[in-house]
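> Using this note's numbering, you'd call the opening residue of the sequence shown number 60 and step up by one each time.
From the three backbone atoms N, C-alpha and C, an ideal C-beta is built for every residue, glycine too.
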Amino acid sequence: MGNEMISETELERQADLAKANIEADKFAPGSYGCHEALHTASLLMEMVSRHLVEHPTIMLDSEFYARARGIHGELFDLYQAIGAKHLSQD
């Protein structure tokens, strides 16, 4: 594992984390901060569904629809991942 290349996304995350002033205990799984992130993912899923996936312009264009559904799916996956870690701490 030590010889694996670090992904560009992970390098970006580490750079952003180095700049941020985050108190980890306030945002770790099981915390209110983690619950807040879970709730935000849920809200964004609902917004994407109502305001993009179900929008007539999106529904009329197969590319737009596929992209909007993909975004919704990614948010759902994020929601599930956050929820799994958050709830395992209770």
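1) Tell me the residue span of the alpha helix (DSSP H) that contains L119.
2) Could you tell me the alpha carbon to alpha carbon distance between G142 and L97, rounded to whole angstroms?
3) May I ask which residues mark the beginning and end of the alpha helix (DSSP H) holding T64?
4) Using the C-alpha atoms, what's the distance from H114 back to L103?
5) My understanding is that H94 touches S108, with C-beta atoms under 8 Å, so please give their C-beta distance in whole angstroms.
6) Is the separation between the beta-carbon of S219 and that of Y138 shorter than 8 Å?
7) Give the single residue among K78, M64, G92, D75 whose Cα lies nearest to the Cα of K144.
8) State the Cα-Cα distance for the pair G89 and S147, rounded to the nearest angstrom.
To lay it out plainly:
1) 115-119
2) 6 Å
3) Reading off the sequence, residue 64 comes out as Met, not Thr. Where M64 is concerned, there is no enclosing alpha helix (DSSP H), given that its DSSP letter is neither H nor E.
4) 15 Å
5) Contact flag wrong, Cβ pair sits at about 21 Å.
6) Any question about residue 219 goes unanswered here, given that the chain covers just 60 to 149.
7) G92
8) 8 Å
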